[in-house]
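Residue numbers (this note's numbering): 5 to 219. Positions of the beta carbon are idealized from the N, C-alpha and C atoms, including for glycine. Read the structure below first, then the notes.
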Ligand SMILES: C[S@@+](CC[C@H](N)C(=O)[O-])C[C@H]1O[C@@H](n2cnc3c(N)ncnc32)[C@H](O)[C@@H]1O
């Protein structure tokens, strides 16, 4: 998802209380940025922000940070956030591959919602559940870190199950039809778009098993 021609995107971001322009300055001290000192959950590829905003509203005692690679997309989320009065959510314009410059083992849960599937074989290393990204997540996550993922894409889901399993993750929940499952779910923009077209939404929740050797 890439929106072009958002005028004054940088100005809009910089004037928002939710946007952190210099995130690496807070490496190791993110809890100090929030009113409560509770755990921090991260959404990578937050898009226009419906999920992270919904989560922050529903769970005021948990802190949330949204990461988005494209400024032009992030600005849409910030415009929505600016209509709210929340003290437990912040957003950052960054690429997932650089997250270890920004966080130091302070993230409790990573959400990967409708990540780009990169279907071509030559692009599989770009998937956000590829082992190189899992290694970055190790560097930013606490010992009992969790990954929660949703997608409509079967291929991405299958490759993620394999990568996570081979890397030493253990699955707490797997649902092949999330909308039919009886679990709490804040829907994302892509989820609504593709779910309403009839695609089934796949879901997994996994945690790192430290007794298993990572490859
Ligand atoms: C398909 S969209 C899904 C957006 C939203 N999570 C949803 O479910 O509606 C994927 C989003 O991830 C962002 N993204 C892709 N690769 C990324 C990366 N390496 N780091 C940060 N964001 C990324 C894209 O810019 C895009 O906004």
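Collapsing the DSSP output to three states places residue 84 in a helix. In the DSSP assignment, residue 72 falls within the beta strand (DSSP E) that extends over 67-72. If you draw a straight line from the Cα of residue 207 to the Cα of residue 91, it is about 28 angstroms long. Set against 7 angstroms, the gap from the CB of residue 136 to the closest heavy atom of ligand 1 is not smaller.
Sorting 11, 13, 210, 12 by C-alpha distance to the C-alpha of residue 112 places 210 at the top. Rounded to whole angstroms, the gap between the alpha carbons of residue 73 and residue 178 is 27 angstroms.
Residue state for residue 153 is assigned as strand, using DSSP reduced to three classes. At a Cβ-Cβ threshold of 8 angstroms, residue 192 and residue 137 do not count as neighbours. Residue side-chain check: residue 50 places its Cβ nearer than 7 angstroms to a non-hydrogen atom of ligand 1.
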